[in-house]
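Take a look at the structure below.
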Amino acid sequence: IFPVLPTFGQLPNGSFPQNATNVTYVTHITHVVVNHQPPMASPPWLNNTNVTLPMPFDSVSDLPPLATTPPPSSSPMEPGGGIPLYKHPHYDAEGKPIWFPRIVGGTPATIGEFPSKVSLQLISNGAHFCGGSLLTMQHVLTAAHCVTDRRGVPMSVSMIQAMADDLNILPKMGSPSRQVRQARTISIHDKYSPATLANDLALVRVTSEFVKTATLYPTKRASAVPAPGQLCSLAGWGVTASDSTKVSPTLQRVNLEVVSFEHCNAAYDGTLSKGMLCAAAPGRDACQGDSGGALICQNRIAGVVSFGAGCAHPNFPGVYMDVVHHEKWISKALNGAHGLQVQFGVWIVMMAVAIKAVVRG
Numbered sequence: 003i004f005p006v007l008p009t010f011g012q013l014p015n016g017s018f019p020q021n022a023t024n025v026t027y028v029t030h031i032t033h034v035v036v037n038h039q040p041p042m043a044s045p046p047w048l049n050n051t052n053v054t055l056p057m058p059f060d061s062v063s064d065l066p067p068l069a070t071t072p073p074p075s076s077s078p079m080e081p082g083g084g085i086p087l088y089k090h091p092h093y094d095a096e097g098k099p100i101w102f103p104r105i106v107g108g109t110p111a112t113i114g115e116f117p118s119k120v121s122l123q124l125i126s127n128g129a130h131f132c133g134g135s136l137l138t139m140q141h142v143l144t145a146a147h148c149v150t151d152r153r154g155v156p157m158s159v160s161m162i163q164a165m166a167d168d169l170n171i172l173p174k175m176g177s178p179s180r181q182v183r184q185a186r187t188i189s190i191h192d193k194y195s196p197a198t199l200a201n202d203l204a205l206v207r208v209t210s211e212f213v214k215t216a217t218l219y220p221t222k223r224a225s226a227v228p229a230p231g232q233l234c235s236l237a238g239w240g241v242t243a244s245d246s247t248k249v250s251p252t253l254q255r256v257n258l259e260v261v262s263f264e265h266c267n268a269a270y271d272g273t274l275s276k277g278m279l280c281a282a283a284p285g286r287d288a289c290q291g292d293s294g295g296a297l298i299c300q301n302r303i304a305g306v307v308s309f310g311a312g313c314a315h316p317n318f319p320g321v322y323m324d325v326v327h328h329e330k331w332i333s334k335a336l337n338g339a340h341g342l343q344v345q346f347g348v349w350i351v352m353m354a355v356a357i358k359a360v361v362r363g
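Each residue of the sequence shown is one higher than the one before, counting from 3 in the numbering used here.
As structure tokens, this is what we get:
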């Protein structure tokens, strides 16, 4: 891969490079330049100075001229939720989401080509924020940074839904086959590190099983780590070029080759850790919003999209969590013995207990 500019979905916890200076959102109404101070220390390979999100949500042609608007003063956290607002969709003057994830250098996927593919979305507006893969008809494997804040604290499950069995991501353009389920629990790898993205895995269990169809069913997990040079594939939603200002609302796919850990680790100045897998192809890559998606090798999931230094950069392969290396944790998570878990409704019970205790006191 060879992932040009770093984007939120590929930086650890959506953080900015240490010397980040601006973020550009390109929308069908405005072109906003935002000055940022780095919210946290970032790994040394993230040294680019610009982050570009050329992602209008639903306007795919005839974009009007761009205009400049005053930048916000900061990138705040959501009140009470601990969730960075940059993980939420941005909106135009009419309240429509205006950015979109992307696969760089991709081509349209076909129906049933990625039968386990899932879109993780915000319930409030159906906005896609990360990918995932069905391991069972009720469990979605994704990246931990997709469903946690910068401290590694899980999002509330009441915010998340999973959409499957549809090539189109737009909320109002779903096919009759589309299925949507609310998240019930989120299990985070107990050794996940927000700072380094080591063990960047999470398992989302939905409230009820998806209905199995000819085009929707769980993926099998790889039993052996793919060898360097092995051809694999990846799918995601969004624009098809890193400099594009128009989106493809349909699922895109790319072919990638596995890169040796030694070569990849050298490219990232020795900062990678065990359990990471790399893949690359000239001009092709996962990008912002594709995090959590599956690297499919020989029809089995071998990796989970984690991060990269930009998108399709000629010197940096994309980095994935190695499914084979993490098989023990995945199996335990599927069986209910896992790391940190957040369950739907638990916070309500805890609040009720706390209030009752205060009243009695």
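Virtual Cβ for every residue (Gly too), placed ideally from N, Cα, C.
Treat the numbers as computed from the prediction; the structure is a model and nothing was measured.
C-beta contact flag for residue i and residue j at 8 Å
i      : j      : result
Ala203 : Met323 : In the sequence under discussion, the amino acid at residue 203 is Leu, which differs from the Ala named in the question. Yes, they are a contact pair.
Pro173 : Gly128 : yes
Ala145 : Ser275 : no
Cys280 : Val307 : no
Val159 : Ala226 : no
Ala296 : Ser135 : yes
Arg207 : Gln123 : no
Ala111 : Gln254 : yes
Ile303 : Arg223 : yes
Asn317 : Ala269 : yes
Pro156 : Ile188 : yes
Tyr194 : Gly154 : yes
Residue(s) in a DSSP beta bridge with residue i
i      : result
Tyr322 : Leu279, Val307
Pro110 : Gln254
His141 : Thr138, Arg207
Cys234 : Leu258
Ile298 : Ser235, Ile303
Leu425 : What the structure shows of the chain is the stretch from 3 to 363, and residue 425 is not part of that stretch, so it cannot be assessed.
Leu218 : Thr215
Where residue i falls: helix, strand or coil (DSSP)
i      : result
Glu211 : coil
Ser135 : strand
Leu172 : coil
Ile332 : helix
Ala185 : strand
His90  : Only weak support is given to the placement of His90: the predicted model assigns it a pLDDT of 35, under 50, and the question is left unresolved by the model.
Ala224 : coil
His130 : strand
Gly154 : coil
Asp271 : coil
Phe116 : coil
His265 : helix
Ala197 : coil
Ala229 : coil
His327 : coil
Inter-residue Cα distance where the pair is residue i and residue j
i      : j      : result
Gly238 : Ile298 : 12 Å
Gln184 : Thr273 : 36 Å
Leu205 : Ala197 : 20 Å
Val256 : Ala166 : 19 Å
Ala200 : Asn170 : 32 Å
Ala283 : Cys234 : 10 Å
Asp60  : Thr252 : Residue confidence is low: Asp60 scores 31 on pLDDT, short of 50, so the model does not pin down where it sits. Its coordinate-derived value is still stated next. So the two alpha carbons sit approximately 11 Å from each other.
Thr209 : Arg186 : 5 Å
Ala164 : Val149 : 12 Å
His191 : Ile332 : 9 Å
Val142 : Phe212 : 11 Å
Met161 : Glu264 : 39 Å
Gly176 : Asp168 : 7 Å
Gly310 : Met278 : 12 Å
Gly305 : His147 : 15 Å
Pro319 : Phe131 : 22 Å
Thr215 : Val182 : 14 Å
Thr109 : Glu329 : 31 Å
Lys334 : Asp271 : 33 Å
Proximity test, Cβ basis, 8 Å: residue i and chain B
i      : result
Lys174 : Among the protein chains of the structure shown there is no chain B, as only one such chain exists.
ask   = So does the stretch 217–233 actually touch the stretch 259–269, counting three or more Cβ pairs closer than 8 Å?
value = yes
key: Three-pair Cβ contact test at 8 Å for the stretch 109–119 versus the stretch 213–220   = yes
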